[in-house]
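Enquirer: Encoded as structure tokens, here's the structure I'll be asking about.
Residue numbers (my numbering), protein chains in the order written: chain A, 1 to 197; chain B, 1001 to 1197.
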């Protein structure tokens, strides 16, 4: 009994991650009832963002300009390069304010079965960058999935070949976390990665 | 460290009900990473829907045509009119497949403090419709909030003046609900609205 256009809208809204048919319906009615201006604004910026946001030519993160803000900045240490899987990882690390080096964004992780090869992830370009000699340490912050670990392994070999020190961020019990609530895999990793203090 | 346009997108997404800044960020990155086509489709249909969806001239629900599907249908009983607060209420009742009459959608509930008067809710038009004599029963399905009850009270008087039987949908313990989990207000309403059987 909804109109054809309203049905289209509800269907299009379910393309958003985490939005099911019920939420989409609620959002559609809410926008029509009292938020038409905001919805039009969203429509405009959505189209603009999808069209104009490309990738940084140096680090591959999302950027409207050829060079992203971080790569263009002169305040960042060029000797330390942090390799992450996605642009949102960059955001998370920046929000922790714990890193002043530069980034390289893979936009995925090695998975030959899915056709994701070193070329897909821009690894040849990364290797050329390491060969230039400016980078001294490469921090690998890929995930702990099987593909993330395989990618980390590949990156380590690449760094060694270029004479760059490869490091891996620490995985373990979250700070403030109680052992009781930590899953077994994390805990066994935390124990096997223990260090003298 | 996000781009200006990406910031705009995240901000525009928080206009959606139930989407906070964190979800908006996740949605924005997800769309950019692997759903640009769906996002463009959403942008298009969003703008179209906000511009083209108006209200049915007869029952005031959302409609692209002057008359909505339900008002245009000849299969509905014109003697029973169900008054609801919002278009989504129509949808809910239709999905329950328990009603074959027609609807009237108030698009709100009486609240003089907020400037929502009988005129805002189209009640003069409803009164004229009742006066035509085709409607025999008016089912009032406004909510149980104070404003919903005030609206129901106003509608009952209107129906009485026009010689139409006013009825109110039943409020009480949900079917299949256990008394243990029903809130006190609902339970006391269910007890005071008890009927012989």
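Positions of the beta carbon are idealized from the N, C-alpha and C atoms, including for glycine.
State the Cα-Cα distance for the pair residue 70 (chain A) and residue 76 (chain A), rounded to the nearest angstrom.
Expert: Translated into positions along the first chain, residue 70 (chain A) becomes position 70. Translated into positions along the first chain, residue 76 (chain A) becomes position 76. Spanning the two alpha carbons is a distance of roughly 8 Å.
Enquirer: Would you call the stretch 183-196 of chain A and the stretch 153-168 of chain A in contact, with 3 or more CB pairs under 8 Å?
Expert: Counting Cβ pairs under 8 Å, fewer than three are found: no touch.
Enquirer: Report the three-state DSSP secondary structure of residue 1066 (chain B) (helix, strand or coil).
Expert: Walking along the second chain from the start, residue 1066 (chain B) turns up at place 66. Of the three classes helix, strand and coil, the one that applies to residue 1066 (chain B) here is coil, per DSSP.
Enquirer: Is there contact between the stretch 1030-1047 of chain B and the stretch 1058-1069 of chain B, where contact requires at least three CB pairs shorter than 8 Å?
Expert: Result no; under three Cβ-Cβ pairs closer than 8 Å.
Enquirer: Thinking C-alpha only, which one of B:1074, B:1010, B:1087 is nearest residue 6 (chain A)?
Expert: Along the first chain, read from residue 1 onward, the residue named residue 6 (chain A) stands at position 6. Closest by alpha carbon: B:1087.
Enquirer: Verify whether the separation of the beta carbon atoms of residue 1081 (chain B) and residue 1054 (chain B) is less than 8 Å.
Expert: Your numbering for residue 1081 (chain B) matches position 81 in the second chain. Your numbering for residue 1054 (chain B) matches position 54 in the second chain. Contact: no.
Enquirer: Do residue 1168 (chain B) and residue 1152 (chain B) have their CB atoms nearer than 8 Å?
Expert: Walking along the second chain from the start, residue 1168 (chain B) turns up at place 168. Walking along the second chain from the start, residue 1152 (chain B) turns up at place 152. Result yes, Cβ atoms of residue 1168 (chain B) and residue 1152 (chain B) sit closer than 8 Å.
Enquirer: Please list the partners that residue 75 (chain A) has in chain B, where partner means a Cβ-to-Cβ separation under 8 Å.
Expert: Along the first chain, one-based indexing puts residue 75 (chain A) at 75. Within 8 Å Cβ-Cβ: nothing; residue 75 (chain A) doesn't reach chain B, min ~12 Å.
Enquirer: By Cβ distance below 6 Å, which residues in the same chain neighbour residue 999 (chain B) in space, the five residues on each side in sequence not counted?
Expert: No answer is possible for residue 999 (chain B): it lies beyond the span of chain B, which begins at 1001 and ends at 1197.
Enquirer: Just checking: is the beta-carbon of residue 50 (chain A) within a distance shorter than 8 Å of some beta-carbon in chain B?
Expert: For the purposes of this step, residue 50 (chain A) is identified with residue 50 of the first chain, where counting begins at 1. For residue 50 (chain A), the answer is yes, since a Cβ of chain B falls inside 8 Å of its Cβ.
Enquirer: Output yes if chain A places a C-beta closer than 8 Å to the C-beta of residue 1047 (chain B); else output no.
Expert: Counting from one through the second chain, the residue named residue 1047 (chain B) turns up at place 47. Yes, residue 1047 (chain B) counts as interfacial toward chain A.
Enquirer: Applying the criterion that 16 or more other CB atoms from any shown protein chain within 10 Å of the CB defines a buried residue, is residue 1016 (chain B) buried or exposed?
Expert: Against the second chain, residue 1016 (chain B) aligns to sequence position 16. Under this definition residue 1016 (chain B) is a buried residue.
Enquirer: Contact criterion: CB-CB distance below 8 Å. Does residue 1165 (chain B) meet it with respect to chain A?
Expert: Counting from 1 along the second chain, the entry for residue 1165 (chain B) is found at position 165. No, no contact with chain A.
Enquirer: Determine the closest residue to residue 1135 (chain B) out of B:1103, B:1117, B:1098, B:1109, with distance taken between C-alpha atoms.
Expert: By 1-based counting over the second chain, the position of residue 1135 (chain B) is 135. Nearest option by C-alpha distance: B:1103.
Enquirer: On a CA-only basis, which of A:46, A:95, A:89 is nearest residue 106 (chain A)? Give me that one, please.
Expert: Taking the first chain and counting its residues from 1, one reaches residue 106 (chain A) at position 106. The shortest Cα separation from residue 106 (chain A) among A:46, A:95, A:89 belongs to A:89.
Enquirer: With 8 Å as the C-beta to C-beta threshold (strictly closer), list the residues of the stretch 1141-1165 of chain B near chain A in chain order.
Expert: Going along the stretch 1141-1165 of chain B in chain order, one finds no residue with a Cβ nearer than 8 Å to chain A.
Enquirer: Can you pull the chain B residues whose beta carbon is under 9 Å from the beta carbon of residue 27 (chain A), in chain order?
Expert: As a position in the first chain, residue 27 (chain A) is number 27, starting the count at 1. Per Cβ cutoff of 9 Å: 1016, 1017, 1018, 1019.
Enquirer: Note down, in chain order, each residue of its chain lying with its Cβ closer than 8 Å to the Cβ of residue 109 (chain A), except the 5 sequence neighbours on either side.
Expert: Residue 109 (chain A) sits at position 109 when you count from the first residue of the first chain. Excluding residues within five positions, the ones whose Cβ falls inside 8 Å are 85, 116, 121, 142, 143, 145, 147, 148, 150, 151.
Enquirer: With a threshold of 8 Å between beta-carbons, can residue 40 (chain A) be considered close to chain B, or not?
Expert: On the first chain, position 40 is the one that residue 40 (chain A) refers to. Yes - at least one Cβ of chain B is within 8 Å of the one on residue 40 (chain A).
Enquirer: Quick one: using the 10 Å Cβ neighbour count with 16 as the cut-off for buried, is residue 1072 (chain B) buried or exposed?
Expert: Indexing the second chain from 1 puts residue 1072 (chain B) at position 72. Exposed, by the Cβ-count rule.
Enquirer: For the alpha helix (DSSP H) that residue 186 (chain A) lies in, which residues bound it at each end?
Expert: Within the first chain, residue 186 (chain A) is the residue found at index 186, counting from 1. Looking at the DSSP string, the run of the alpha helix (DSSP H) that includes residue 186 (chain A) is 184-192.
Enquirer: Alpha carbon to alpha carbon, how far is residue 1004 (chain B) from residue 154 (chain A)?
Expert: As a first step, residue 1004 (chain B) must be located in the second chain, where it is residue number 4. As a first step, residue 154 (chain A) must be located in the first chain, where it is residue number 154. Distance between the alpha carbons of residue 1004 (chain B) and residue 154 (chain A) is about 34 Å.
Enquirer: For the stretch 95-128 of chain A, which residues have a CB atom closer than 8 Å to at least one CB atom of chain B, in sequence order?
Expert: Cβ contacts with chain B come from 107.
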